[in-house]
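Engineer: Quick one: structure below, then a few questions.
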Amino acid sequence: MPQPTVLLLARADLSPVDTEFTTGPIDAHDSFDNERRTAFIDDQGIAAGLVHFGTSLSVAAYPYTEMLVMHRGSVTLTSGAESLTIKTGESAVIGRGTQVRIDAQPD
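For the sequence shown, position 55 matches number 69 in this note's numbering, and the numbering has no gaps at all.
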């Protein structure tokens, strides 16, 4: 059984972390493309990392189940007639296959 691993992805004061990241998409379906920085990915598709994103994006069917935790700024997620805005310190989950529009408002 693998040993537990702790990765520090970001600090509250925004100071740099020592964690190594790989820039680029997780795979060919990654909507965030080169905005994504991945610190960990395993053979089952579990990944951890950061996305630096400051624009809008519409996705017909989101390719993963992904949890977003806002470190800075805010993002509005819209699916159909429903919208949810999350701000620094808040989180949301986008379900795989969801039609979603992502509107980021950086600090």
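Beta carbons are placed, not taken as given, at the ideal position from N, Cα and C, and that holds for glycine.
Express the C-alpha separation of T37 and L64 in angstroms, rounding to a whole number.
Structural biologist: By one-based count along the sequence shown, residue 64 stands at place 50. By one-based count along the sequence shown, residue 37 stands at place 23. Taking the straight line joining both Cα atoms gives about 9 angstroms.
Engineer: Where do the N-terminal and C-terminal ends of the beta strand (DSSP E) with Q119 fall, by residue?
Structural biologist: For the purposes of this step, residue 119 is identified with residue 105 of the sequence shown, where counting begins at 1. Per DSSP, Q119 belongs to the beta strand (DSSP E) from 114 to 119.
Engineer: Only counting the same chain, and skipping five residues up and downstream in sequence, which positions put a Cβ closer than 7 angstroms to that of V206?
Structural biologist: Here the chain covers residues 15 to 121 and nothing more, so residue 206 does not appear.
Engineer: Quick one: Cα of A24 to Cα of F35, how far?
Structural biologist: For the purposes of this step, residue 24 is taken as residue 10 along the sequence shown, with counting starting at 1. For the purposes of this step, residue 35 is taken as residue 21 along the sequence shown, with counting starting at 1. Straight-line Cα distance between these residues: approximately 12 angstroms.
Engineer: Decide if S45 is buried, meaning its Cβ has at least 16 other Cβ atoms within 10 Å, or exposed.
Structural biologist: Translated into the one-based positions of the sequence shown, residue 45 becomes position 31. S45 comes out buried.
Engineer: Which same chain residues, not among the five before or five after M15, have their C-beta less than 8 angstroms away from its C-beta?
Structural biologist: Locating residue 15 in the sequence shown gives position 1, where the first residue counts as 1. Residue placement at M15 cannot be trusted, given a pLDDT of 46 that sits under 50; what the coordinates show is reported in the next sentence. Closer than 8 angstroms at the Cβ level, and outside the excluded window around M15, lies no residue.
Engineer: Using the rule of at least 16 other Cβ atoms within 10 Å of the residue's Cβ for burial, across every protein chain shown, is R50 buried or exposed?
Structural biologist: Counted from its first residue, the sequence shown places residue 50 at position 36. The residue is buried, with at least 16 neighbouring Cβ atoms inside 10 Å.
Engineer: How is E96 classed by DSSP in three states: helix, strand or coil?
Structural biologist: Here the question's residue 96 lines up with position 82 in the sequence shown. Strand, per DSSP.
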